[in-house]
Amino acid sequence: MKKYLAICFGLVMIVSCQAQNKKTKEVDCNISKITKSDKEWRSQLTAEQYDVARKSGTERAFTGIYWDNHEKGTYVCIGCGLPLFGSETKFESGTGWPSFWKPLEACNVEVGTDKSYGMVRDEVRCRRCDSHLGHVFNDGPKPTGLRYCLNSASLKFVAKK
Numbered sequence: 019m020k021k022y023l024a025i026c027f028g029l030v031m032i033v034s035c036q037a038q039n040k041k042t043k044e045v046d047c048n049i050s051k052i053t054k055s056d057k058e059w060r061s062q063l064t065a066e067q068y069d070v071a072r073k074s075g076t077e078r079a080f081t082g083i084y085w086d087n088h089e090k091g092t093y094v095c096i097g098c099g100l101p102l103f104g105s106e107t108k109f110e111s112g113t114g115w116p117s118f119w120k121p122l123e124a125c126n127v128e129v130g131t132d133k134s135y136g137m138v139r140d141e142v143r144c145r146r147c148d149s150h151l152g153h154v155f156n157d158g159p160k161p162t163g164l165r166y167c168l169n170s171a172s173l174k175f176v177a178k179k
């Protein structure tokens with residue numbers, strides 16, 4: 019019986035992975051990558067922005083400039099200016115970081131695995147310049163149920179005119 023269950027579980031995992039890969043392949047992101055030297059990044063970003071965006075650091079909760087921002091506009095990548103999140107999807111998560119339930123365009127962000135600090139989390143990065151933005155969790159509001167928990171240091175806010 020244990021062998022049967024193990025085989026069934028294995029088949030479910032294979033089908034699940036194939037379905038996920040198929041879904042990923044259907045999305046054509048067509049975003050040109052930006053690469054810069056470490057020296058160029060350091061000259062463009064403040065020390066905190068560099069630590070967070072380029073070294074996957076994290077700002078302390080309730081210290082970033084956008085966690086309590088309620089203006090209308092767009093949050094763009096600090097590294098390359100790619101539009102990432104809109105104020106209409108920002109919500110109060112109580113975490114002390116700006117939180118969103120959906121990116122402006124799914125193609126503008128990449129989600130990968132972060133195994134740092136003894137945890138396994140889904141890391142969010144800018145698709146164009148690979149800047150670390152934060153993490154995404156499955157405890158957000160409807161309609162997506164997602165919480166993109168981001169660092170203010172990885173973002174620039176562009177107010178709506």
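Residue 19 is where the sequence shown starts when you use this note's numbering, and the numbers rise one by one after that.
Ideal Cβ positions, reconstructed from N, Cα and C, are used throughout, including at glycine.
As the structure is a computational prediction, the values presented were derived from the model and not from experiment.
By DSSP's criteria, residue i is part of a beta bridge. Which residues make up the other side?
| i | result |
| --- | --- |
| G163 | DSSP, once it has assigned bridges, lists no residue as partnering G163. |
| V127 | C144 |
| V154 | D140 and Y166 |
| T92 | G104 and V176 |
| D132 | R139 |
| S55 | Partner(s): none; S55 has no beta bridge. |
| F109 | S117 |
Just tell me which of the options has its CA closest to the CA of residue i.
| i | options | result |
| --- | --- | --- |
| K90 | R139, E77 and G104 | G104 |
| S55 | G163, C147 and V138 | C147 |
| L173 | K51, E58, I49 and L100 | L100 |
| E123 | W59, Y84, N87 and V94 | V94 |
| T53 | G112, V127 and G97 | G97 |
| K204 | D132, N126 and V154 | For the chain, the structure presents residues 19 to 179; residue 204 sits outside this window and is missing. |
| K179 | F155, F118, T92 and E128 | T92 |
Label residue i either buried or exposed according to how many other C-beta atoms from any shown protein chain fall within 10 Å of its C-beta, with 16 as the threshold for buried.
| i | result |
| --- | --- |
| E110 | exposed |
| K40 | Residue placement at K40 cannot be trusted, given a pLDDT of 32 that sits under 50; what the coordinates show is reported in the next sentence. Answer is exposed; the Cβ neighbour count stays below 16. |
| K160 | exposed |
| G152 | buried |
| F80 | exposed |
| Y135 | exposed |
| A37 | Model confidence at A37 stands at a pLDDT of 33, short of 50, so the residue's coordinates are unreliable and nothing is read from them. |
| E77 | buried |
| K108 | buried |
| G112 | exposed |
State yes or no: is the C-beta of residue i within less than 8 Å of the C-beta of residue j?
| i | j | result |
| --- | --- | --- |
| L168 | P116 | yes |
| A71 | A177 | no |
| E141 | G130 | yes |
| R143 | H150 | yes |
| R165 | C47 | no |
| T162 | K120 | yes |
| F175 | Y84 | yes |
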